[in-house]
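This report refers to the structure that appears directly beneath it.
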Ligand code: NAD
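Residue numbers (the numbering used here): -6 to 659.
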């Protein structure tokens, strides 16, 4: 079957692309488009041309299966030039999505007609790239600087109705009548004639580019691609088209060859791979999850519940006492109302979601739940007690999950008569916001239970990763490897602010001590002020408990902005003096070597022990659970960039036991 065919409709030639599933720009499609235009130009009876796609969508982008293979067929830019410079009007007829190369194809057409449900955009920036086939040069010539700059730097698509308002689309078609409407529109445009995009003047003020940079300074911190996209739009306003194209190509190649886009493309595939359970038979039947129970309405239980309510799944939430229950439910409502006030959803939706929530003080009310998630205190005794009770109450076939951060899920499972139904669902705080879900597989967890929870995670918009049982699973286990050396560096003379700054400059949302203050320094504290064995003990004994009481490693104002604290530094110095370690200058490089390299090392150990399915899953955990910068691709990807040899040498210098598999790579 040919992927591009032509049909004559009187004086209009329709070029029809049919390259399932998404009409990607494979070499034969490019060839067919070029041939189609040439056919139209050679035939005097043809006065205008429609470019339309069969199936579910307009051209959705490049053909990724051709990446890295020797080029075949005409070059994409050559095809685009042929369309744009055609002496007869060419009309793009758009349905589904016109993204990336798909939109770039539509941009060289002289007019665009679309169904209202179509989406148009250039998402390249999300992969650390820019639309490199003239997208940055042609888009501003059609929609002006402001819209073009916003589209290329955000990567967010626009619905066709909005695109019509902005001039990106010239006419809207009926949802079911695109084929006919496009031909009629093409006929109308015969009188207008062709309108090469490259010849159109650019409207708008480049001041908007600086405004966008200022408004997104935080979001784009560290990223190259948004700035490169904007530089190209800016170039379009001052350079002739051909020179602008050269500028765009140079910027594109810089991004394509750089590590950021490689990292972002790695994450794109890593996220999709994470959903896969190795060795899962195809015929596994998933369990039906219609009703969820949550135990504990504290920090985590409330946030966990919100995920399900938002997905339209009813939740029964259990607490020990009425005041804790009321407080927990109140926080959920307050969070929803705050989101509604920001326009994220309607007030009606808030009531609808709250209507799906059943608060109760009785665990008996969980009897008919299909999944119960425990989020009570982090204590093995408490958890065993809860699971023992659940075992007696909840119907057979239900999945029983724990949100434990560190504890042994096998031991928790053993407190029930049905360990095959038990697993960990480790959400991250705030649980309604953070996208990561570590799904912890116990030794006896049934495959169908695991597969059910992995599938359910998509419904609640989480990115789930399978982890096997070990202390802290993937994420927190690696976090411990960072915190230990960070504490030691304080004893050797570094300050919390110095260490944290190295981490935030690296791109983390916060450093180890800012994170400790956020979580609370008294977590796990023995509460005996006379026993001072660590810097944390000393800070707690002095009443410095972290953000919650306004002072920890830092001092906090009412808005919880932290500043270095003279008192904390004095406490640290006093404790440090007892360690007999000489105080010395510590370089930023040493902080990286001692706090980040051990995380990479631990990642290798996790893989050696089979606690993670694949290295890219570890990257997913750190990006979605802890805010590791996407443009560095996660600790394992970053470790490869740094180089195993360099990492091993540094770890050995600092006396860290190196994972065999990491050593083998060096
Ligand atoms: P929390 O103290 O805020 O909430 C725990 C709640 O459980 C309290 O409201 C308490 O009244 C209730 N509770 C205790 N025993 C109960 C019982 N038998 N029946 C009903 N309710 C009971 O604690 P949290 O921060 O929400 O942590 C809960 C769990 O989630 C812990 O295992 C923790 O390790 C884990 N976790 C916490 C975080 C975090 O950042 N806070 C992140 C991931 C996982």
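Here a beta-carbon is modelled for each residue, glycine too, at the ideal position from N, C-alpha and C.
Residue i beta carbon near the ligand NAD (any heavy atom closer than 7 Å)
i           : result
residue 291 : yes
residue 420 : yes
residue 397 : yes
residue 509 : no
residue 255 : no
residue 357 : no
residue 460 : no
residue 370 : yes
residue 288 : yes
residue 643 : no
residue 312 : yes
residue 636 : no
residue 375 : yes
residue 379 : yes
residue 317 : yes
residue 153 : no
residue 294 : yes
residue 267 : no
residue 512 : yes
Those residues which DSSP pairs with residue i across a bridge
i           : result
residue 239 : Partner(s): none; residue 239 has no beta bridge.
residue 45  : 9, 86
residue 548 : 544, 556
residue 287 : 310, 366
residue -3  : 10
residue 113 : 91, 151
residue 107 : 87, 165
residue 352 : 310
residue 2   : 5
residue 539 : 544
CB contact check: residue i to chain D, cutoff 8 Å
i           : result
residue 519 : The structure shown has no chain D; it contains just one protein chain.
Distance between beta carbons of residue j and residue i, contact taken as under 8 Å
i           : j           : result
residue 436 : residue 403 : 5 Å
residue 120 : residue 254 : 6 Å
residue 425 : residue 313 : That pair is no contact at about 22 Å.
residue 358 : residue 311 : 7 Å
residue 579 : residue 487 : 4 Å
residue 165 : residue 109 : 6 Å
residue 516 : residue 535 : The Cβ separation is near 17 Å, so there is no contact.
residue 195 : residue 138 : 6 Å
residue 84  : residue 41  : 7 Å
residue 601 : residue 652 : 6 Å
residue 135 : residue 96  : The pair is not a contact, with the Cβ atoms about 10 Å apart (cut-off 8 Å).
residue 208 : residue 293 : Between residue 293 and residue 208 the Cβ distance is about 33 Å, and since that is not below 8 Å, they are no contact.
residue 592 : residue 622 : Between residue 622 and residue 592 the Cβ distance is about 14 Å, and since that is not below 8 Å, they are no contact.
residue 89  : residue 111 : 6 Å
residue 382 : residue 356 : 6 Å
residue 360 : residue 392 : About 14 Å; that fails the 8 Å criterion.
Closer than 7 Å: residue i CB and nearest the ligand SAM heavy atom
i           : result
residue 219 : Ligands in the displayed structure: the ligand NAD; the ligand SAM is not one of them.
query = Where are the alpha helix (DSSP H) runs, 4 residues long or more, that stay fully inside the stretch 307 to 346, in chain order?
reply = 315 to 334
query = Three or more beta-carbon pairs under 8 Å between the stretch 127 to 145 and the stretch 214 to 226, yes or no?
reply = yes
key: Continuous beta strand (DSSP E) assignments of at least 3 residues falling wholly in the stretch 384 to 446   = 392 to 395, 415 to 420, 429 to 434
request  = Run through the stretch 454 to 537 for me and flag every whole beta strand (DSSP E) of 3 or more residues, listed as ranges in chain order.
outcome  = 456 to 461
message = Taking 8 Å as the cut-off, does the stretch 111 to 120 touch the stretch 67 to 81 (at least 3 CB pairs, one atom from each stretch)?
response = no
request  = Mind listing, in chain order, the continuous alpha helix (DSSP H) runs of no fewer than 4 residues lying wholly within the stretch 584 to 648?
outcome  = 590 to 601, 608 to 619, 627 to 635, 637 to 646
request  = Pair every Cβ in the stretch 269 to 287 with every Cβ in the stretch 148 to 168, then say whether three or more of these pairs are closer than 8 Å.
outcome  = no
task = Tell me, please, whether the stretch 532 to 542 touches the stretch 495 to 506 by the rule of three or more beta-carbon pairs shorter than 8 Å.
result = no
Complete alpha helix (DSSP H) runs within the stretch 49 to 77 (minimum length 4 residues, chain order) = 69 to 77
ask   = Are the stretch 605 to 622 and the stretch 260 to 276 touching by the rule of at least three beta carbon pairs closer than 8 Å?
value = yes
ask   = Is the stretch 322 to 332 touching the stretch 243 to 260 in the sense that three or more CB pairs, one from each, lie closer than 8 Å?
value = no
Any 3 or more C-beta pairs closer than 8 Å across the stretch 42 to 51 and the stretch 10 to 19 = yes
inquiry  = At 4 residues or longer, what runs of the alpha helix (DSSP H) sit wholly inside the stretch 174 to 240?
reply    = 200 to 208, 218 to 231
ask   = Does the stretch 463 to 480 come close enough to the stretch 445 to 454 to have 3 or more Cβ pairs within less than 8 Å?
value = no
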